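Working notes, structure below.
Numbering (this note's numbering), first residue to last: 426 to 1015.
Okay, here's the thing in structure tokens:
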């Protein structure tokens, strides 16, 4: 039972959280909603303040008018009693009958309802000159003197000044018609007779004023609600007139950003919104013109690069043939003519580099033109890693760099092995060039949907901001740095395009003096959309592994090659965390 209640509570909390989240999203996205609610909230405060002020003023005026009318009525009643009791001595026998007869002569509540003071009840008391003496109010405050009328409604605090001969007033609550706690206004004053003074109290119920105030309160509440509804409607209409052009501008801007360069805002009238639309249309036309110019320049550049590369292929072949002849002749005379031998060797090396550059230019031209073709095969990516490692063995030997290969996990996938090998060859050569002869780690891992290869070095690393430049063409972190692999500056750019062509990601991370990490992620099935990578991009450990120079397969690796720790501090990077995966990094590339 407890588990069921806990489950119901969790579902209720989740539902409430979803509702709150939906309201927050709606609040952030709707300017019209924010303006309308803000207007209603501020108007509510103003209406409440004005309503309280009006109610207070009206109540004060009603009570003030009631007091004046009650005092006038009290003065008239006192004159009538003094005239009727001018020859009556209250101390003689028959005082009660005398009081009843005198009180009957006053205007009763039934016959005086048409007067300004309204209905009232009269109390006539034959009191003494001192309070608390026999014949006056007792210890409990109730009247024990001879009296006529509802004497129990007169408060004891009001009798003291009346007994002393003063006029006194007080607000009290009395019972009327079986309804308790009816507010009333009591006026007390002395009445002269042939003997000692009597005490006259007039009780004026305020039930009519109370009903008037209730009517005023309900009227103000209804008027306030109607005013708030009217203000909400007006603010909604006014805001809609402003928000609609803004929404149209946002929609047009989104379509323009998606590549629909002919999208324009409609222009109506000559107001501020119309001027905004005209300015936007002028800006869009200018951007469209510049984009077309850039596209033309880009097409011209690609065509020029392609034409030059193809035109250079024939003379390069002729020059290579001549260089090989010269080099062969110089080899025969290397003992007698060392200068010629060295010159021919430099010529052959530079021709190799030039031919590599020409090949990269041709490849980048095909990629730019969109004519690159994929030869997809189902292969074990570990075999591709081994072949790529063998192609850089001479760099490993020359730099005495330990190359650690962790290829323990099977990683079969549908990829283009030639392009994957080229990507890995570029990554390995780049890591060895910048690794400062420290270990370079490679690990292959796979899950149900993707296969990943991580290459990490422990060299100079990347400075802040450089991770977004490493995939740019002909970019180098340090142009003065000597490169052993003789790179052309196009290797990483071609690698990025190769990864994109296969629906994969090529991402980079780097930190100064802590090395760099490159991660290649490819779908296991050609055409499948990538969502996660089997390996993390950010390193787990900063300590390089210790190993002898050379290529070491099935070696234990550290850092990025390790899975994320159980604490989840370095989780597997997913596309939402990366921003645009095709950009090369979680926001940048190397």
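By construction, the Cβ of each residue, glycine as well, lies at the ideal position given by its N, Cα and C atoms. No experiment lies behind these values; they were computed from the predicted model shown.
DSSP places residue 943 outside any alpha helix (DSSP H); the residue lies instead in the beta strand (DSSP E), whose first and last residues are 941 to 948.
Proximity of the stretch 799 to 806 to the stretch 834 to 849 meets the contact definition, three or more beta-carbon pairs being nearer than 8 Å.
In the structure shown, residue 472 adopts helical secondary structure according to DSSP, grouped into three states. CA-to-CA, the gap between residue 808 and residue 777 works out to about 27 Å. In this structure, the beta-carbon distance from residue 916 to residue 855 falls below 8 Å. For residue 958, the secondary structure class from DSSP, reduced to helix, strand or coil, is coil. Shown here for residue 473: same chain residues with a beta carbon closer than 8 Å to its own, the five before and five after excluded, namely 649 in chain order.
Assignment of residue 871 by DSSP, reduced to helix, strand and coil, places it in the strand class. By the criterion of a C-beta distance shorter than 7 Å, residue 690 is surrounded in its chain by 673, 674, 677, 702, 705, 706, once the five residues flanking it on both sides are discounted. Excluding the 5 residues flanking it on each side, residue 769 has same chain C-beta neighbours closer than 6 Å at 751, 752, 755, in chain order. Where residue 859 is concerned, the enclosing alpha helix (DSSP H) starts and stops at 842 to 859. Considering only 921, 444, 453, 880, the residue with the shortest C-alpha distance to residue 898 is 921. From the listed residues 658, 500, 623, the smallest Cα separation to residue 551 is found for 623. Here residue 948 is buried: its Cβ has 16 or more other Cβ atoms, across all protein chains shown, within 10 Å. In the DSSP annotation of this structure, the continuous segment of the alpha helix (DSSP H) that includes residue 675 starts and ends at 632 to 682. Judged by pairs of C-beta atoms under 8 Å, the stretch 571 to 584 does not touch the stretch 451 to 463, as fewer than three such pairs exist. In this structure, the straight-line span from the alpha carbon of residue 950 to that of residue 667 is close to 50 Å.
Three or more beta-carbon pairs separated by less than 8 Å are not found between the stretch 815 to 825 and the stretch 780 to 788, which leaves the two stretches without contact. Non-local beta-carbon contacts of residue 632 in its own chain, meaning distances under 6 Å to residues more than five positions away in sequence, involve 607 in chain order.
Within a 10 Å sphere around the beta-carbon of residue 722 sit fewer than 16 other beta-carbons, which makes this residue exposed. Three or more Cβ pairs closer than 8 Å define a contact, and the stretch 632 to 646 falls short of that threshold against the stretch 655 to 666. Boundaries around residue 830 are those of the beta strand (DSSP E), 827 to 831, since no alpha helix (DSSP H) includes it. In the structure shown, residue 452 adopts helical secondary structure according to DSSP, grouped into three states. The three-state reading of DSSP puts residue 953 in coil, since its state is none of H, G, I, E or B.
DSSP places residue 963 in the coil class of the three-state scheme, outside both helix and strand. Closest by C-alpha distance to residue 457, out of 836, 718, 658, 767, is 658.
As the crow flies, the alpha-carbon of residue 527 is around 10 Å from that of residue 507. Excluding the 5 residues flanking it on each side, residue 546 has same chain C-beta neighbours closer than 7 Å at 534, 574, 575, 628, in chain order. Here the C-alpha atom of residue 866 lies approximately 26 Å from the C-alpha atom of residue 926. Taking all protein chains shown into account, residue 946 has 16 or more neighbouring C-beta atoms within 10 Å of its C-beta and is therefore buried. DSSP, read as helix, strand or coil, puts residue 615 in strand. Contact between residue 594 and residue 616 does not hold, since their C-beta atoms are separated by about 16 Å, which reaches or exceeds 8 Å. Note: residue 597 is bridge-paired with 609 in the DSSP secondary-structure output.
Distance between residue 863 and residue 743, taken at the CA atoms: about 41 Å.
The three-state secondary structure of residue 624, taken from DSSP, is strand.
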